[in-house]
Amino acid sequence: MATLQTLKISKDFQAAKNGKFFRSGSFLLQALKVSNENIIKVGYTVTKQNGNAVNRNRIKRRLREIVASVIHEHGKNNWNYVLIGKKKIITEDFEELKKEFKNALIKIHK
Numbered sequence: 089m090a091t092l093q094t095l096k097i098s099k100d101f102q103a104a105k106n107g108k109f110f111r112s113g114s115f116l117l118q119a120l121k122v123s124n125e126n127i128i129k130v131g132y133t134v135t136k137q138n139g140n141a142v143n144r145n146r147i148k149r150r151l152r153e154i155v156a157s158v159i160h161e162h163g164k165n166n167w168n169y170v171l172i173g174k175k176k177i178i179t180e181d182f183e184e185l186k187k188e189f190k191n192a193l194i195k196i197h198k
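Residue 156 in our numbering sits at position 68 of the sequence shown; the count goes up by one each step and never skips.
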């Protein structure tokens, strides 16, 4: 099982822009294959257009929960993922969000 880490370096976020991406109604997923050993790295970002700090943090918390429940089954080792949250994620059903993220991972790795 791969280790799950959080992306923290701006360079890693910028590099993910050049990889594959999947756009959904609730988030944008960017993914890039890297050469680490048995590590999955995930970064979360939400722009100020999505509201004040309370709303942005709520969006990030939901993204983290979605990733924690799905990434080990459908994510791949040696990949960096960046999730860009949208305002719609606050009102979306949690099970629907998990399905949406699962489908995004499957489509990226085809």
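Heads up, the beta-carbon is just placed ideally off N, CA and C, and yes, glycines get one too. Predicted model only: the values in this text are computed from it and were never measured.
The closest CA to that of Lys129, considering only Arg144, Lys187 and Val170, is found on Val170. For Leu193, the three-state secondary structure derived from DSSP is helix.
Under a 10 Å Cβ-count criterion, Gln93 is classified as exposed, with fewer than 16 other Cβ atoms of the shown protein chains found around its own Cβ. Annotation: Thr133 to Gly113 spans about 16 Å, alpha carbon to alpha carbon.
Annotation: Ser157 to Ile97 spans about 24 Å, alpha carbon to alpha carbon.
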